[in-house]
Every structure is written in structure tokens, then in C-alpha cells.
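One gets our numbering by counting positions in the sequence shown from 1 and adding 1165 to each.
Worksheet: one structure, shown below.
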Amino acid sequence: MGSGRWRGHPRGHRLGRPFGRLWAAYGTSALGTWLAFGAFPLIAVRVLHAGPAEVAALSSAGAAAGAVAAVPLGPWAESRRKRPVLVAMDLLRCAALLTIPAAFALGALTFLQLLLVSVVVATADITFRAASGAYLKTLLPAGDLLAANARLESTAWTTTIAGPPLGGALTGLLGPVATVVADAASYLLSALAIRATGGHEPPPRRPETGRPRARDLLEGWRFVLADAGLRPLLFNAALFNGLVMATSPLLAVLMLGPLGFEPWQYGLAFAAPSIGGLLGSRLARPLVTRYGQHRVLTVSGTLRALWSVGLAFVGPGTGGLLLVTGVEFGLILCCGVFNPVCATYRLERTPSGRVTRTLSAWAVTTKAATALLTALWGVLGTFLGARPALALAGVLLLATPLLLPRRPPPAPDPARGRAHGFKGGTAGRT
């Protein structure tokens, strides 16, 4: 496979069969993930009779440990062809998840096993996302990256809408372990689709020493922090994502507790607004065409920060439900525009031989920040109350646009991608 457009595919909005298979793989695994949404906590509570502290540890500790474990995998994946890495990560997640129904059938399932599987899945997920960005850059020329990322974003929100209700129905019929089996199957299908993309992937750049060095573990962060465009975006993403996710448990406590909402109402308030993400992802490409990448990035990044403060004013009844739904719709609509533009911007500013390490460092940073802020806001919610903690997060989110690039940074220097001890073939166009 070359760095330009695949031969035999017309120009325009068609991105070629290899991307189509990668897209199908992404959609399949994303649907499986949402089918199994909440399965681990349900298994912990209903099967293992775990308490609140153990359930919280399953979510936060698993994600944090996965982020740490993924750090050395960035340099490892950078020096290898990306398609085999993607297939390996899918098969690893499939195998890890299948140990749960196997242990359940044998009556040997333990909380420790759930925690270890969550760490393995989180580690493989970070590595897969980082390698998939590098692989996407080999499949398509720079001019098609935004269209591709918009389609992936659209698929993400579509599966968000469809997955949890289907998963809930499957859980009701067969139990939460069945959704874990479905999730494992989705990774197997994803691996088969990626394997079927075919073509010849360009050889990756390899360390001059023949193997990754210890300093390569931090190379992704060095590159991002030295780039005038990526540095503020990383800080913005870490703070924004962390604060938004940190408010989710508090809002759940408030809505399902004192405000008296039913679980189906709570689920509806977050499932229905995902339509906004589908709409936003469809708008991203025409908006960039008309107004330019930097303007859309900063405006959508600013608008997405304005909504969450409204959650502090949620009340009971229909009015409160409509308020949460409206706030979430506006937030997700802006994120639907911002996310594919930001993903494309990152790929364009990152040399092909550094994409995997850069995206791995990015994912590790945002996941670690989310785990830290979620734990911190849990403490604040305990001492201040859910509503004041929600208000504080909303006010801090209003400041996150200050971390966006204020003006278009200079174009990245191509020499930066060649000055860090890597040699060999290019991994695609920059």
C-alpha cells in the first residue's frame, strides 16, 4: 500500500476498500463495547457481590493501570507494521474477555480476574487506538483524513445510540456475561476485517540501535510538548475530558438519588443526545471547507465548554430531564464537530514515523487525567455535595478554551520526524 490514494478508486468521497474494511472493523468493535457497557460492574455486583469500593476500583484502577502498562507499547508498536499490531490487540482483547465466561461457567470467577482483564483490555485499547491512527495515515492521503475521521466519529455516536439499549435487552435475557461474549466476538470480527484490508504496508522506521531505547518511552510526550499546535491541545483534551467524565458519577448520584429519576430516564437523558454527535460529525467536513480548520477547531472547542455548568441546576421531573437532555445534546453536538477535526489536525502535524508514540502518549495522558479527576471529584462530592461539585467542574470547564491554540501555528518542520534516531521506510504521507 502506498502513501497516496489506492489505485483503482475514484476521487471524491469514496475512500477505498481498505478504509472500508478498517471502518467496518471499528464499527463492529465499537458496537461490541457498547453492548457490554456496564457489564463488569454488573458482574461484580450480581455475581461476585462486590461493594461500592470494589466497583469504583474496577473502573478507576483498571483504567489507570492500563494507561501505565501501555506506555512501553507505544515505542514497540511504532517500530512494527501497524496492521499486525492492530490484529494482535484485537485478538488479545478477545482472549482476555473470553476468560470471564469460561471462569463463570466453571464457578471460578473472581474479582481479581475482573480487574486483571480490565487492565489488559485498557492496555490493548490504548495501543490499538495509537496504532490505528498511524495505519489510517498509510491508507489515505492527507486530504482524505478529515472525511475518514468524520466517518469514524459518526460511527462512534451511532453505536453509542444503539449499543446500550441492545446490550440492556441482552443482559435482561441472558445476563451480563452474555454481553461480554458479544464484546469478545466483536473483537474477533474486527481482527478478521483488519486482516482482510490487504495491500502492502510500508516498512516502519526503526531505531538505529535496532530496538527501542529507554528514552523512547517518553518520546511521544517530548514531541507533543515541543509542538506549538499540539501542546495546548493535549492540555485542553486532558482537562476537558477529565472534568466531563468526573461529573458523570456525581450526576448519576444526584439524578437517581435525591431527584428521584428512574434508571430508564437517566439512560434516556444520555442516549438520546448522542444524535447530536452524529449530526456534528456530519457537519465537520463542510464547516472546515467553508471556514478553515483552525477556526472550526477553536470555535467548536470553545462552544463545547459552555454547556456542562447547566448540569448544576438540574431539578426533578420533566423539566429536569429536559434540561439534562438539552445540555448533553449541545455538548455532544460540539464534540461531534471538534473530535474529527482535532484527530485530523494531530495526524497532519505528526510525522508518519512518530504517530503511534504520539497518539499513545496522548491517550495515556488523557486517561490518567480522567482517572485522577474522577477520584478527586468523588472526594469533593462527598464533602461539598453533588450539586456544588458539578458547579465547580462546570466553571472550570469554562476556562478550558484558554488552552486552545489562539492562532494557526507554523507548519511542522519535516526534519523533526527524521531527527530522533529512526531510519528505514516511511510510514505514509505527512
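Each residue gets a CB set at the ideal place from its N, CA and C atoms; glycine is no exception.
Fair warning: this is a prediction, and the values are worked out from it, not measured in the lab.
Backbone CA spacing between residue i and residue j [nearest angstrom]
i, j, result
"glycine 1227", "leucine 1281", "7 angstroms"
"serine 1168", "alanine 1554", "At serine 1168 the pLDDT is 36, less than 50, meaning the model places this residue with poor confidence; the figure from the coordinates comes in the next sentence. Near 48 angstroms, if we compare the C-alpha coordinates of alanine 1554 and serine 1168."
"glycine 1185", "threonine 1362", "8 angstroms"
"cysteine 1259", "tyrosine 1352", "6 angstroms"
"asparagine 1504", "leucine 1263", "32 angstroms"
"phenylalanine 1388", "leucine 1462", "21 angstroms"
"tryptophan 1241", "lysine 1302", "18 angstroms"
"alanine 1312", "leucine 1354", "24 angstroms"
"phenylalanine 1405", "threonine 1412", "11 angstroms"
"methionine 1420", "threonine 1539", "18 angstroms"
"alanine 1295", "threonine 1198", "18 angstroms"
"proline 1575", "alanine 1393", "8 angstroms"
"cysteine 1507", "alanine 1270", "44 angstroms"
"proline 1249", "glycine 1407", "31 angstroms"
"alanine 1470", "glutamate 1384", "30 angstroms"
"aspartate 1255", "alanine 1356", "6 angstroms"
"arginine 1316", "glutamine 1458", "17 angstroms"
"leucine 1330", "tryptophan 1429", "The residue you asked about is not leucine; residue 1330 is proline in the sequence shown. Rounded to the nearest angstrom, the two C-alpha atoms are 10 angstroms apart."
"alanine 1204", "alanine 1287", "15 angstroms"
"alanine 1391", "leucine 1452", "29 angstroms"
"glycine 1543", "alanine 1436", "23 angstroms"
"alanine 1253", "leucine 1187", "15 angstroms"
"tryptophan 1527", "asparagine 1401", "11 angstroms"
"leucine 1335", "alanine 1190", "22 angstroms"
"isoleucine 1440", "glycine 1432", "14 angstroms"
"arginine 1245", "threonine 1521", "10 angstroms"
"proline 1573", "leucine 1338", "53 angstroms"
"proline 1414", "lysine 1247", "36 angstroms"
"alanine 1350", "isoleucine 1326", "20 angstroms"
"aspartate 1348", "tryptophan 1472", "32 angstroms"
"alanine 1434", "proline 1183", "37 angstroms"
"threonine 1509", "arginine 1179", "18 angstroms"
"glutamate 1243", "leucine 1541", "34 angstroms"
Given residue i as reference, the closest of the options once Cα atoms are compared
i, options, result
"glycine 1328", "Arg1511, Thr1523, Tyr1191 and Ala1195", "Ala1195"
"proline 1570", "Leu1398, Leu1317 and Pro1183", "Leu1398"
"glycine 1485", "Pro1206, Leu1416 and Thr1509", "Leu1416"
"valine 1346", "Ser1297, Ala1393 and Ile1208", "Ile1208"
"glycine 1475", "Glu1427, Asp1255 and Leu1562", "Leu1562"
"glycine 1546", "Trp1188, Ala1558 and Pro1206", "Ala1558"
"glycine 1445", "Glu1318, Ala1189 and Val1236", "Glu1318"
"leucine 1524", "Gly1239, Ala1215, Trp1472 and Asn1314", "Gly1239"
"alanine 1403", "Pro1566, Arg1447, Leu1223 and Asn1314", "Pro1566"
"leucine 1277", "Ile1440, Gly1333 and Ala1215", "Ala1215"
"serine 1465", "Arg1447, Glu1243, Gly1432 and Val1502", "Val1502"
"alanine 1556", "Thr1509, Arg1522, Ala1477 and Arg1572", "Ala1477"
"serine 1225", "Gly1432, Met1410 and Val1520", "Met1410"
"tryptophan 1322", "Gly1422, Ala1350 and Arg1447", "Arg1447"
"proline 1237", "Arg1179, Trp1386 and Asp1348", "Trp1386"
Beta-carbon contacts of residue i that lie in its chain and below 6 angstroms, excluding the five residues immediately before and after
i, result
"alanine 1232", "Val1529, Lys1532 and Ala1533"
"glycine 1192", "Thr1320"
"leucine 1257", "Ala1289"
"arginine 1583", "With a pLDDT of only 46 at arginine 1583, under the threshold of 50, the placement of this residue in the model should not be trusted; the figure read from the coordinates follows. None."
"valine 1418", "Ala1551"
"alanine 1449", "Ala1315, Val1502, Pro1505 and Val1506"
"proline 1341", "Ala1204, Leu1207 and Ile1208"
Same chain, Cβ closer than 7 angstroms to residue i, five either side skipped, listed in chain order
i, result
"leucine 1468", "Cys1499"
"histidine 1284", "According to the sequence shown, residue 1284 is valine rather than histidine. Excluding positions up to five away in sequence, the list reads Gly1227, Ala1230, Gly1231 and Ala1234."
"proline 1438", "Thr1490, Glu1493, Phe1494 and Ile1497"
"leucine 1395", "Val1389, Arg1511 and Arg1514"
"leucine 1251", "Phe1293, Ala1296, Ser1297, Tyr1300 and Ile1359"
"glycine 1332", "Trp1199, Leu1200, Ala1201, Phe1202 and Thr1344"
"alanine 1261", "Val1282, Val1285 and Val1286"
Burial state of residue i (16 or more Cβ within 10 Å)
i, result
"threonine 1292", "buried"
"threonine 1324", "buried"
"valine 1560", "exposed"
"threonine 1535", "buried"
"arginine 1460", "exposed"
"leucine 1487", "exposed"
"phenylalanine 1548", "exposed"
"glutamate 1427", "exposed"
"arginine 1455", "exposed"
"glycine 1272", "exposed"
"glycine 1442", "buried"
"leucine 1279", "buried"
"alanine 1564", "exposed"
"threonine 1483", "exposed"
"leucine 1568", "buried"
"leucine 1223", "buried"
Cβ-based neighbour list, residue i, same chain, cut-off 8 angstroms, excluding 5 preceding and 5 following
i, result
"arginine 1170", "In this prediction, arginine 1170 has a pLDDT of 35, which is less than 50 and means its spatial position is unreliable; nothing more can be read from the coordinates."
"leucine 1274", "Ile1208, Val1212, Leu1213, Ile1265 and Ala1268"
"leucine 1424", "Val1479, Gly1480, Pro1481 and Gly1485"
- Complete runs of the beta strand (DSSP E) confined to the stretch 1512-1549 [at least 3 residues]: none
- Message: Could you tell me which whole alpha helix (DSSP H) segments of length 4 or greater appear in the stretch 1171-1249?
- Response: 1182-1200, 1204-1211, 1217-1235 and 1238-1243
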